[in-house]
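Chemist:
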Amino acid sequence: MEESIKTVMVVSPHPDDAEIGAGGTIALWCKQGREVFYVICTNGDKGSSDPNMTSETLAKIRQQEQIEASKILGVSNVTFLGYPDGGLEDTPAFRGELVRLIRKHRPEVVLTTDPYRKYLWHRDHRITGIVTMDAIFPYARDHLSYPEQIVEGLKPHKVKEIYFWGSEESDTFIDVEETFTVKLSALSCHVSQVGQYGDLLKQHIEERASKAGQSQGVPLAEAFRRIEIIY
Ligand SMILES: [Zn+2]
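Residue numbering for the sequence shown is 1296 to 1526, as defined by my numbering.
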């Protein structure tokens, strides 16, 4: 990653997705002094198999878990958009919220989930990836898109790169050996989620990192599909 990259925006469909997909990379970039900020699209209020859990309680628990996890990684700021879990749609309003955050924080790089996985893929993940991509290009760039934001004083912004985690066509691998334990600690903050899967999730994540590392000759890596945007 270029030295000139100072600010990174992470757009996560649910609390915990960013830690699972890119926690080692996020911790590494924070450690290198880059400013990383989070946008959590949904409140994760369906993610429980406990019959006594309510969506209202779960949303509160998961927000707190996400705040704790972000602190461990070194993330500077978390914005919760608060859409219901499973209720995300590709709307002008949702896109406009992401455009606003891009224009406000002016990231050079955006990290989000790959929308183009075939077959089984959570609808919120698909929609988050697509809407984030649209918000970056062309909407955040063009002053005539969401012009009310420009009137308020925000300026158009050109994001340079998108990194997609969870891609079936990864082409970029980040060595996360030095921050892998930080990733696991951050992940363990999501007690309401990790508790359901026990060691299986941790095992799966370790196996995936080790497999991604093999292709690069390092013990542990995270895999991404990287898109460079030429304006
Ligand atoms: Zn998710």
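Note that beta-carbon positions come from the ideal geometry of N, C-alpha and C, so glycine has one too.
#1: Indicate whether the contact test is met: 3 or more Cβ pairs, each with one atom in the region 1301-1311 and one in the region 1332-1345, closer than 8 Å.
#2: Ligand 2 and residue 1387: does any heavy atom of the ligand fall closer than 7 Å to the residue's C-beta?
#3: Determine the closest residue to residue 1448 out of 1322, 1373, 1395, 1524, with distance taken between C-alpha atoms.
#4: Going by beta-carbon coordinates alone, are residue 1385 and residue 1309 separated by less than 8 Å?
#5: Relative to ligand 1, what is the chain-ordered list of residues with a Cβ closer than 5 Å to any of its non-hydrogen atoms?
#6: Throw me the rounded Cβ distance for the residue 1460 and residue 1419 pair, which I believe falls under 8 Å.
#7: Can you name the residues that DSSP bridges to residue 1458?
#8: Which first and last residues belong to the alpha helix (DSSP H) in which residue 1428 is found?
#9: Just list the residues that DSSP pairs residue 1467 with in beta bridges.
#10: Would the region 1395-1406 count as touching the region 1437-1456 if we require 3 or more Cβ pairs under 8 Å?
#11: Which residues mark the beginning and the end of the beta strand (DSSP E) in which residue 1330 is found?
#12: Alpha carbons only, please: which of 1417, 1486, 1526, 1445 is nearest the one belonging to residue 1455?
#13: Threshold first: 4 residues or longer. Then list the alpha helix (DSSP H) segments lying entirely within the region 1464-1511, N to C.
#14: Count the other CB atoms within 10 Å of the CB of residue 1504; is the residue buried (16 or more) or exposed (fewer)?
#15: On the three-state DSSP scale, how would you describe residue 1377?
#16: Work out the CA separation of residue 1487 and residue 1344 for me, nearest whole Å.
#17: Using the rule of at least 16 other Cβ atoms within 10 Å of the residue's Cβ for burial, across every protein chain shown, is residue 1438 buried or exposed?
#18: Three Cβ pairs or more, each shorter than 8 Å: is that satisfied between the region 1468-1484 and the region 1363-1375?
Modeler: On the basis of the coordinates in this document:
#1: yes
#2: No copy of ligand 2 occurs in the structure displayed; its ligands are ligand 1 alone.
#3: Walking along the sequence shown from the start, residue 1448 turns up at place 153. Closest option to residue 1448, Cα to Cα, is 1395.
#4: Here the question's residue 1385 lines up with position 90 in the sequence shown. Here the question's residue 1309 lines up with position 14 in the sequence shown. Result no, Cβ atoms of residue 1385 and residue 1309 do not sit closer than 8 Å.
#5: 1308, 1309, 1312
#6: One-based indexing of the sequence shown puts residue 1460 at position 165. One-based indexing of the sequence shown puts residue 1419 at position 124. Not quite, the Cβ-Cβ distance comes to about 14 Å (not below 8 Å), so this is no contact.
#7: By 1-based counting over the sequence shown, the position of residue 1458 is 163. Its beta-bridge partners are 1406, 1521.
#8: Working through the sequence shown from its first residue, we reach residue 1428 at position 133. From DSSP, the alpha helix (DSSP H) with residue 1428 extends over 1418-1429.
#9: If you number the sequence shown from 1, residue 1467 lands on position 172. According to DSSP, which records beta bridges pairwise, residue 1467 is partnered with 1519.
#10: yes
#11: Position 35 of the sequence shown holds residue 1330. Element bounds for residue 1330: 1330-1337.
#12: Mapped onto the sequence shown, residue 1455 falls at position 160. Of the candidates 1417, 1486, 1526, 1445, the one whose C-alpha sits nearest the C-alpha of residue 1455 is 1526.
#13: 1475-1483, 1486-1492, 1494-1509
#14: Sequence index remark: in the sequence shown, residue 1504 carries index 209 (1-based). Residue 1504 should be labelled buried.
#15: In the sequence shown, counting from the first residue as 1, residue 1377 sits at position 82. Strand at residue 1377.
#16: As a first step, residue 1344 is located in the sequence shown; it is residue number 49 there, counting from the start. As a first step, residue 1487 is located in the sequence shown; it is residue number 192 there, counting from the start. About 10 Å.
#17: Indexing the sequence shown from 1 puts residue 1438 at position 143. Residue 1438 comes out exposed.
#18: yes
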